[in-house]
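Participant: After the structure tokens below, expect a handful of questions from me.
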Amino acid sequence: MLLTALLALVFCIPVFLSVPTGADYLYGRASIEDQRALLVSQVSDGVYDTAPQELNSIIADERACLDRALESKADSREYYDAIADYDNLLLKEYRLGYLNGVDSELSLEAQERLPRAISMLAHPESYDSTTKMPGMILLAYYCGAVPAIAWLLVPVLVLYMSLEGDGKRFYDRALLSKLEMNACRVLVSGIASMLVLVLALAPCFVLATVFNGVGQTEYPVVFIQYGDVVERTVLVQLGLFAVFEAVLSMMFACLGVCVYAGSRNRAISSMVIALVGGISQLPFYASKDAPWHALLPYMVSSYSASSFALGGASYANGAEVSLVPEASASHCLFAVMGAFAVCALGVISFSRLKSKNRWAWNHIRPDSLGEKSLLSLSLDALTVGKNQLVKGLQFDMPAGQIWGLVAPNGHGKTTLLNTLWGDAGPSVRVSGSLCFHAKVCVDREEMRKVFFLVPNRPSLLIPYMTVAFHLDRCRRIWHSPRTLDQVLDRFDLTGLKNTPVSRLSDGNRQLLNVAMAYMSYCEVVLLDEPMNALDVRHVAIVSNALRDEAGRGAHVIISSHLIGNLESLCDASVLLTGDDSRVVTREMGGDSKWIGNVYAQLFKTNDSKTRKGR
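Read in order, the letters of the sequence shown correspond to residues -11 to 602 in our numbering.
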């Protein structure tokens, strides 16, 4: 919303602050008078006395056209016809070699065609500033006047924000199909990019329409494209621009998702996307004798918004600004294919790199949970920055058990759970291995089919969506055999089925988090402080649900400060003490306070040791 608001503010500025369009220079009566005065002065000074008769004849015709324009009413058909005839004579003068100091023949041709097309309108008119433009004309003006890089940055920024904002949402983390997950990212980013542009342009369109009307749909737009002068109507121009921008947004969404999927690092992803979208635009502003000019037809940026549609709605360009006149549809195809080939190569390269900062996991789901499978962890070291939180932790956790994770604040409970789930973070360094069902975990995305993490904050929840939406989404993503009504009833959420998350109490939000884990039917359930904000009745509901999970053969790991609850619920507990982390079982504890006794003994001598990070 902030990006949309900023863009809308920028687009609205020309509605209130006059931005010259060039029409006053080309078609303004004062400009015509100046040109006539200059021509008369040159003739009276004898500039053309020795010129060929052919040139003198052209000069006389030019003076007659200017006189005819000045005698006509402004914004009349005769006025623009006279200007077009004058520009046509300038073009003739250039072709005969008498006119120097202009950029190209194309610019003169475009300069002649626009007033000719304007004269054919039912109501001929031109706009010398943006404050006078009707809504539709202003949008067409933006298509050519706004630099291409601005249109490209919109999908890039939207993609980055969608990946960043969705990074903690459950359907970014757990879609069973990689193709489905990335297709969802592409679709959402592409549609969001177009929506941002529409919402950003809507206020300026409405304001311009209120002040100056909608405008004539057949108003001409003349510009230079790929070595030719192109003439379209405003309506066609806007339609083609919208289609092209949509394709551009989807392409950059695909590009960004490919980079994101390969790097697992949002900072690197956003940097690469920005480089592809931004640096490739730099040659657009370079001269044609640049060393890289031969490569331009094969750059995606050569087919961007500005090279696709150059020129405003009320003026012709003063120079040949077409970047790649030799570009064709085949070049465009190769450019797009090349971009995707580079992305694919990058994804393959990233996926084969062994990172010390994360675990990538791989697992083939077994046919049955009835086997007493093991979740095996061998953790040599877990470090956040320069602080070593855990060292030398090893355990084999059988299926069908509930284990606790106990430690004072700052000793690594949350970090360990995030590491088990595969999202330790860039500042976390892990040395060790994780095995599940006798298979070493090497593919994080595949393991997210098997692991479900309930974070210590309700970051899985979307404020404006209902309880039923979250549970049903979990059911669909993990293909759970459980039904919506069954889970709602199990967690006493039936009465809140259609209530948005924003209207839930903290306790009910936490209850919904655990209910989502229950609905997922995952084989490994990780819960970070799941009893926070729950009352006594809800603690009992959650405890019974977790016993059900263990009863079907799942592995359940809970971090909590409620040691009494863990002692009644867990089969074993992992106590994180840095260098002396250990696993304590119920049998080892001896009595009902089997965790509390060991906890007090271990941490009695460690009270002075403080560690940063969790």
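C-beta atoms are modelled at their ideal positions from N, C-alpha and C, and glycine is treated no differently. Given the structure is predicted, the values throughout are model-derived calculations rather than measurements.
Using a 10 Å radius around the Cβ and a threshold of 16 neighbouring Cβ atoms, would you call residue 546 buried or exposed?
Facilitator: buried
Participant: Have a look at 142, 124, 188 and 179 and flag the residue whose alpha-carbon is nearest the alpha-carbon of residue 224.
Facilitator: 124
Participant: Where do the ends of the alpha helix (DSSP H) carrying residue 537 lie?
Facilitator: 524 to 539
Participant: Pairs of beta-carbons, one from the stretch 376 to 394 and one from the stretch 534 to 552, closer than 8 angstroms: are there three or more?
Facilitator: yes
Participant: Which residues bound the beta strand (DSSP E) around residue 604?
Facilitator: Given a span of -11 to 602 for the chain in the structure shown, any question on residue 604 remains unanswerable.
Participant: With distances taken Cα to Cα, identify the nearest neighbour of residue 15 among 115, 556 and 511.
Facilitator: 115
Participant: Taking three-plus beta-carbon pairs below 8 angstroms as touching, is the stretch 394 to 410 in contact with the stretch 503 to 521?
Facilitator: yes
Participant: Give every residue of the same chain whose Cβ lies closer than 7 angstroms to the Cβ of residue 475, excluding the five residues on either side of it in the sequence, and list them in chain order.
Facilitator: 459, 503, 506 and 507
Participant: Quick check on the burial criterion: 16 or more other C-beta atoms within 10 angstroms. Buried or exposed for residue 543?
Facilitator: buried
Participant: Is the beta carbon of residue 210 closer than 7 angstroms to that of residue 219?
Facilitator: yes
Participant: Going by DSSP, which residues form a beta bridge with residue 391?
Facilitator: 545 and 560
Participant: Does the contact criterion of 3 or more C-beta pairs under 8 angstroms hold for the stretch 520 to 539 versus the stretch 375 to 385?
Facilitator: The answer is no - the stretch 375 to 385 does not touch the stretch 520 to 539, with fewer than three Cβ pairs under 8 angstroms.
Participant: Going by C-alpha distance, which of 569, 495 and 442 is nearest residue 510?
Facilitator: 442
Participant: Is the Cβ-Cβ distance between residue 77 and residue 96 less than 7 angstroms?
Facilitator: no
Participant: Would you kindly work out how many angstroms separate the C-alpha atoms of residue -1 and residue 117, rounded to a whole number?
Facilitator: 14 angstroms
Participant: Using a threshold of 7 angstroms, state whether the C-beta atoms of residue 363 and residue 424 are closer than that.
Facilitator: yes
Participant: With DSSP as the reference, label residue 8 as helix, strand or coil.
Facilitator: strand
Participant: Name the DSSP beta bridge partners of residue 516, please?
Facilitator: 547
Participant: For the putative contact between residue 489 and residue 497, defined by C-beta atoms under 8 angstroms, what is the C-beta separation to the nearest angstrom?
Facilitator: About 6 angstroms separates the Cβ atoms of residue 489 and residue 497, confirming a contact at the 8 angstroms cut-off.
Participant: Apart from the five residues on each side of it in sequence, which residues of its chain come closer than 8 angstroms, Cβ to Cβ, to residue 468?
Facilitator: So the list reads 462, 507, 508 and 509, once near-sequence residues are dropped.
Participant: Once you ignore the five residues that flank residue 527 on each side, which residues in its own chain have a CB closer than 6 angstroms to its CB?
Facilitator: 519
Participant: Between residue 119 and residue 19, is the Cβ-Cβ spacing less than 7 angstroms?
Facilitator: no
Participant: Which stretch, first to last residue, makes up the beta strand (DSSP E) that contains residue 419?
Facilitator: 416 to 424
Participant: Once the 5 residues before and after residue 573 are set aside, which same chain residues still bring their CB inside 6 angstroms of it?
Facilitator: 560
Participant: Secondary structure at residue 211, three-state DSSP: helix, strand or coil?
Facilitator: strand
Participant: Looking only at its own chain, which residues have a Cβ that is under 6 angstroms from the Cβ of residue 32, when we skip the five neighbours before and after it?
Facilitator: none
Participant: Report the partner residues of residue 371 according to the DSSP bridge assignment.
Facilitator: 376 and 417
Participant: Can you tell me which of 75, 48 and 67 puts its alpha carbon nearest to the alpha carbon of residue 57?
Facilitator: 67
Participant: Return yes when the Cβ of residue 112 is within less than 7 angstroms of the Cβ of residue 71, no when it is not.
Facilitator: No.
Participant: Report the rounded CA-to-CA distance for residue 208 versus residue 456, giving the unit in angstroms.
Facilitator: The alpha-carbon atoms of residue 208 and residue 456 are separated by roughly 52 angstroms.
Participant: Report the rounded CA-to-CA distance for residue 203 versus residue 1, giving the unit in angstroms.
Facilitator: 19 angstroms
Participant: Would you mind working out which of 55, 375 and -8 sits nearest residue 145, comparing C-alpha positions?
Facilitator: -8
Participant: Who does residue 573 pair with in a DSSP beta bridge?
Facilitator: 560
Participant: For residue 302, is the classification buried or exposed, using 16 other Cβ atoms within 10 angstroms of its Cβ as the cut-off for buried?
Facilitator: The predicted model places residue 302 with a pLDDT of 34, which falls under 50 and marks its position as unreliable, so this point remains unresolved.
Participant: For residue 557, which residues in the same chain have their Cβ closer than 8 angstroms to its Cβ, ignoring the five residues on either side in sequence?
Facilitator: 390, 392, 531, 534, 535 and 546
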